[in-house]
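To start, the structure itself, in structure tokens.
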Ligand SMILES: [Zn+2]
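Structure below.
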């Protein structure tokens, strides 16, 4: 990038299925204050506020207008982002673009969702194509179920493999004080959980969480003057897919699909040859267990068809060679508008060495984060500890 | 030709039903509890800005301070601006004609829109003094104040 952009602070709420103690503005405000405190900044120093959530997932519209006391955006420039599961990552990317433009040195970006307050499933069916999909649509589980059945048929993986992903996520979440599902479970618990849509069981899916995340991005001058541990945004990429494109389910396809296209482009920007060695930690967007296995392959952490071998060998555990989602990921916490931002923020915490109990036990200099959602968008953000990394 | 085009087109019904709830939070809960149980209207003072907000809030919009106190405001107030609605749409809460007014309660620095009833339309004016009429069966909703009327 022509102008460097750094993450100079961030924060999140505790994530939970119920937040009856706060309204939406109060919940968002918790994350905003945490981010400002972390960056040692006041709201007066913020030039632009970007707010992300999914329209009507909490039964409300135009939250950028009426949550303004919670976001601190009163009288400031800003905009609202809604791009599906990618919302939080798109908000970060948009913030980074604004800083990199040279026009806004200090930008606050926020992602939130208070899922218990709306009918996410019903609104998700509104995402389906009005002519071809909506009369058949029923929320998100079926999408990942198709992915799982296709993956097993293509590569010979079993339901035990997806269960291993479920266990890893919830055991990692137990080390993350902010995570929603901190479950001390084993493979049997996953396999015995209620079947939702074969092969997806209850514990193969993410929860519906309430929560918010906020981050402050700044230009190089501000970052160096104000922040002891800036985390640099080194590259970003977004790829779109057509919603009514079914080929993505065919995991054997040689055609470039959205996540692989995105990975290829971001690796080219950074000169990455071997991603599993280049990056020290990954935070990927996995609303279901199978999607994490597909991410391993689409990110090139292994050859196609070998993703389930990585989880089998424990390679992607916190202490493994390629740690993936030490935070517990989306499988443990899914406040949709915040989920993709949490990937970036958790990766930044790993680089700062501030992840606490779920800090990976190795030197973390570079991290890659992913997001997907909506009509199959992918957003990737690569972070580093120094500008030389 | 024109007619043939019309008969060959399709439309697909897109009815969606999505139920929602909204938790009133720290300040909203205090407001509605006082309104429902005591017929009291609460505002939030910001000592930094020297303003009292209605509706109440936990964060000052202007200075970003956290607000924790409440004060009783009103119940009397003043019409800041108003309009007479003379058309009817399914989305409207009432059938026309009806009056909307922004009312600043005594002791508050901000106004809020509500209905204005029991008034001769020709006599409504900015600066008119009004008082609330509380609902008998109050449920924790802004319509626990049914409407305002002239004093
Ligand atoms: Zn104030």
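Residue numbers (the working numbering), protein chains in the order written: chain D, 1 to 389; chain C, 1001 to 1151. The beta carbon of each residue, even a glycine, is placed where N, CA and C say it ideally should be. Since this is a predicted model, take the numbers as computed values, not measurements.
Option nearest residue i by Cα separation, candidates the options
| i | options | result |
| --- | --- | --- |
| residue 1076(C) | 1008(C), 1062(C), 1112(C) | 1112(C) |
| residue 1014(C) | 130(D), 329(D), 111(D), 66(D) | 130(D) |
| residue 423(D) | 104(D), 43(D), 35(D) | Nothing can be reported for residue 423(D), as the shown portion of chain D is limited to 1 through 389. |
| residue 1061(C) | 152(D), 43(D), 330(D) | 43(D) |
| residue 388(D) | 231(D), 139(D), 152(D), 213(D) | 231(D) |
| residue 1063(C) | 1051(C), 1110(C), 1070(C) | 1051(C) |
| residue 1082(C) | 1056(C), 1039(C), 1068(C), 1104(C) | 1104(C) |
| residue 287(D) | 194(D), 10(D), 333(D) | 333(D) |
| residue 1078(C) | 1066(C), 1037(C), 1145(C), 1109(C) | 1109(C) |
| residue 1017(C) | 19(D), 119(D), 314(D), 1(D) | 119(D) |
| residue 178(D) | 137(D), 267(D), 329(D), 313(D) | 329(D) |
| residue 1101(C) | 1118(C), 1126(C), 1122(C), 1073(C) | 1126(C) |
| residue 377(D) | 261(D), 364(D), 1(D), 204(D) | 261(D) |
| residue 1136(C) | 1037(C), 1009(C), 1021(C) | 1037(C) |
| residue 117(D) | 210(D), 233(D), 368(D), 304(D) | 210(D) |
| residue 345(D) | 296(D), 285(D), 295(D) | 285(D) |
| residue 1131(C) | 1022(C), 1099(C), 1145(C) | 1145(C) |
| residue 1094(C) | 1068(C), 1010(C), 1147(C), 1151(C) | 1147(C) |
| residue 45(D) | 289(D), 137(D), 151(D), 108(D) | 108(D) |
| residue 1097(C) | 1106(C), 1084(C), 1107(C) | 1084(C) |
| residue 1011(C) | 221(D), 135(D), 307(D), 81(D) | 135(D) |
| residue 12(D) | 215(D), 370(D), 289(D) | 215(D) |
| residue 35(D) | 218(D), 301(D), 20(D) | 218(D) |
Where residue i falls: helix, strand or coil (DSSP)
| i | result |
| --- | --- |
| residue 1038(C) | helix |
| residue 212(D) | strand |
| residue 287(D) | coil |
| residue 77(D) | strand |
| residue 260(D) | helix |
| residue 275(D) | helix |
| residue 40(D) | coil |
| residue 114(D) | strand |
| residue 1016(C) | coil |
| residue 218(D) | strand |
| residue 308(D) | helix |
| residue 1147(C) | strand |
| residue 50(D) | strand |
| residue 318(D) | coil |
| residue 28(D) | helix |
| residue 1051(C) | strand |
| residue 1022(C) | coil |
| residue 235(D) | strand |
| residue 369(D) | strand |
| residue 165(D) | helix |
| residue 384(D) | strand |
| residue 247(D) | Note on residue 247(D): pLDDT 48, under 50, position unreliable in the model; the coordinate value appears next. Helix at residue 247(D). |
| residue 393(D) | Missing from the structure shown is residue 393(D); chain D here goes from 1 to 389 and no further. |
| residue 1064(C) | coil |
| residue 343(D) | helix |
| residue 255(D) | Per-residue confidence for residue 255(D) stands at a pLDDT of 46, beneath the threshold of 50, marking its modelled position as unreliable; the derived number appears in the next sentence. Coil, per DSSP. |
| residue 10(D) | strand |
| residue 82(D) | coil |
| residue 92(D) | helix |
| residue 132(D) | coil |
| residue 58(D) | coil |
| residue 120(D) | helix |
| residue 270(D) | helix |
| residue 127(D) | coil |
| residue 1072(C) | strand |
| residue 1009(C) | coil |
| residue 106(D) | strand |
Entirely enclosed beta strand (DSSP E) segments - the stretch 169-210 of chain D, minimum 3 residues: 195-197
Uninterrupted beta strand (DSSP E) stretches inside the stretch 1083-1133 of chain C (no shorter than 3 residues): 1098-1105, 1111-1116
Stretch-stretch touch, CB-based, cutoff 8 Å, three pairs: the stretch 129-145 of chain D with the stretch 56-76 of chain D: no
The stretch 1030-1041 of chain C in contact with the stretch 1083-1097 of chain C per 3-pair CB rule at 8 Å: no
Lining residues of ligand 3 - beta-carbon closer than 7 Å to any non-hydrogen atom, in sequence order: Of the ligands this structure carries, namely ligand 1, none is ligand 3.
The stretch 139-158 of chain D in contact with the stretch 320-333 of chain D per 3-pair CB rule at 8 Å: no
The stretch 332-341 of chain D / the stretch 357-368 of chain D touching (three or more Cβ pairs under 8 Å): no
Three-pair Cβ contact test at 8 Å for the stretch 96-103 of chain D versus the stretch 51-64 of chain D: no
The stretch 266-286 of chain D touching the stretch 1018-1027 of chain C, judged by at least three CB pairs closer than 8 Å: no
Inter-stretch contact at 8 Å, needing at least 3 Cβ pairs: the stretch 144-162 of chain D / the stretch 195-211 of chain D: yes
Three CB pairs or more closer than 8 Å across the stretch 34-48 of chain D and the stretch 218-238 of chain D: yes
Stretch pair the stretch 81-95 of chain D + the stretch 49-59 of chain D: three plus CB contacts closer than 8 Å: yes
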